[in-house]
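Accompanying notes for the structure given below.
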Amino acid sequence: MAHGKRKGTVVLPALTLAAFAAYAVIFAAAFRELPMNIPPVHQLLLLYSHFVPMFLLELLLCRTAKVRWRILLPAVLLILPGLWFLITAEWYVLAWILFGWWCTAPVLGCLAAWAVWAISRRLRRPAPG
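In case it helps, this note's numbering puts the sequence shown at residues -14 to 114.
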């Protein structure tokens, strides 16, 4: 195994866990007391910063897992908390809108990771001829 590949295999999971931990702190801080009274910057972090951990997770999955796990694991990570939220919000339309808005950043993170992975594979291919 090449040295660079080994380094990426260690660094990417560590970055993924660190990003998930940072988002967990942002999330917990936002919901520390209800009703939420957080500044706009914290609201932006809450709604959009989970792009980064999902991007890193999907990039890691692209490197190590089969296609079904690349799709299934991120979907479960979105659907389970989303269902919990929808159930506790009694399935109101506003809850569906918030759930969709909340899912936008991680879905874009996954799509960006797929694109980066595909481009990197394409660039690593030897030139024909």
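Here a beta-carbon is modelled for each residue, glycine too, at the ideal position from N, C-alpha and C.
Beta-carbon gap between residue i and residue j smaller than 8 Å
i	j	result
residue 77	residue 38	no
residue 75	residue 59	no
residue -3	residue 45	yes
Backbone secondary structure at residue i - three-state DSSP
i	result
residue -13	Unreliable positioning characterises residue -13 in this predicted model, as indicated by a pLDDT of 47, which lies under 50. A coordinate reading is not provided.
residue 17	coil
residue 8	helix
residue 27	helix
residue 111	coil
residue 74	coil
residue 50	coil
residue 34	coil
Cβ shell of residue i (< 6 Å), same chain only, five flanking positions each side left out
i	result
residue 17	none
residue 108	none
Same chain only: Cβ atoms within 8 Å of residue i, ignoring 5 sequence neighbours per side
i	result
residue 82	none
Sequence-distant residues of its chain with Cβ nearer than 7 Å to residue i (five each side left out)
i	result
residue 119	Any answer about residue 119 is impossible in this case: the structure gives the chain only from -14 up to 114.
residue 56	none
residue 1	38, 41, 42 and 45
Quick check: the region 7 to 25 against the region 67 to 75, are at least 3 beta-carbon pairs closer than 8 Å? no
Hey, is the region 31 to 45 in contact with the region 86 to 94, meaning 3+ C-beta pairs nearer than 8 Å? A contact is defined here as three or more CB-CB pairs under 8 Å, and the region 31 to 45 meets this definition with respect to the region 86 to 94.
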